[in-house]
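Please read the structure below before turning to the comments.
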């Protein structure tokens, strides 16, 4: 059988020390994650980051940098995820936006508040990505070469 990792995107969106997150149902539990999701056929990584953030939070964002590329093996389902995590600027909230199925609500939490909810974090990538962001990690968007 062929191994097929899942290509995903996520966004770090920070305003005044708070980070845009989502509270969602996953595996029958309420978890907290960055706005994140899978690429669709023919979609660029940057376009997927914009789309997923809007669909999960009701916020339009503009990716400004690549934070990093992360590999995560999920013990709960045996899937390996390759996450392209972006740093994005909040552009506008669309209060009437319809959120994806399974999304409970968007949240704005500080890094300390995330720590208080550690047991609810979908994976260790939630705080790892925020910590990398806070450490100043940044790569230009043109680091990703796409012919979509």
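Residue numbers (full-length UniProt numbering): 1 to 148. Note that beta-carbon positions come from the ideal geometry of N, C-alpha and C, so glycine has one too. These figures come from a predicted structure and were not determined experimentally.
Is the distance from the Cβ of residue i to the Cβ of residue j below 9 Å?
i: residue 118; j: residue 127; result: yes
i: residue 10; j: residue 52; result: yes
i: residue 6; j: residue 70; result: no
i: residue 87; j: residue 144; result: no
i: residue 54; j: residue 107; result: no
i: residue 129; j: residue 15; result: no
i: residue 57; j: residue 22; result: yes
i: residue 133; j: residue 67; result: yes
i: residue 59; j: residue 36; result: no
i: residue 111; j: residue 8; result: no
What do you get for residue i, buried or exposed, if any count of 16 or more other CB atoms within 10 angstroms of its CB means buried?
i: residue 153; result: What is shown of the chain runs 1 to 148, which leaves residue 153 out entirely.
i: residue 123; result: buried
i: residue 104; result: exposed
i: residue 61; result: buried
i: residue 109; result: buried
Can you tell me the Cβ-Cβ gap for residue i and residue j, rounded? I've got them flagged as a contact below 8 Å.
i: residue 141; j: residue 47; result: Not really, about 12 Å apart at Cβ, beyond 8 Å.
i: residue 120; j: residue 32; result: 5 Å
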